[in-house]
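Asks:
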């Protein structure tokens, strides 16, 4: 039995253009949730929410400044987003 796609858990959305790829991945992951069974399905909401929150917190600076503390987190979120979106790294 398929379930409806999970909704964001109260996450807001930043309007920074640099966040678009990561936000699209979060949306795509939530849309695929009904087709993901078992333990991986249970990861959909936490991972999608993490992507949204990372975009919200870091889109304004981390992508552009390697010395910023959030830059590595941004790189990780971007890599996860490209994988979800089917874009070559």
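Numbering (the numbering used here), first residue to last: 256 to 344. Note that CB positions come from ideal geometry on N, CA and C, so glycine has one too.
1) Answer yes or no: do residue 300 and residue 267 have a C-beta to C-beta separation smaller than 8 Å?
2) Beta-carbon within less than 6 Å of residue 274's beta-carbon, same chain only, minus the 5 sequence neighbours each way: which residues are those?
3) For the alpha helix (DSSP H) containing residue 268, name the first residue and the last one.
4) Which residue comes first and which comes last in the alpha helix (DSSP H) that contains residue 339?
5) Can you tell me where the alpha helix (DSSP H) holding residue 277 begins and where it ends?
6) By how many angstroms is the C-alpha of residue 292 removed from the C-alpha of residue 302?
7) Here's the rule: buried if 16 or more other CB atoms are within 10 angstroms of the residue's CB, otherwise exposed. What is residue 330?
8) Report the three-state DSSP secondary structure of residue 320 (helix, strand or coil).
Replies: Considering the structure as presented:
1) no
2) 310 and 314
3) That residue, residue 268, is in no alpha helix (DSSP H); it is neither H nor E in DSSP.
4) 326 to 340
5) 275 to 287
6) 15 Å
7) exposed
8) coil
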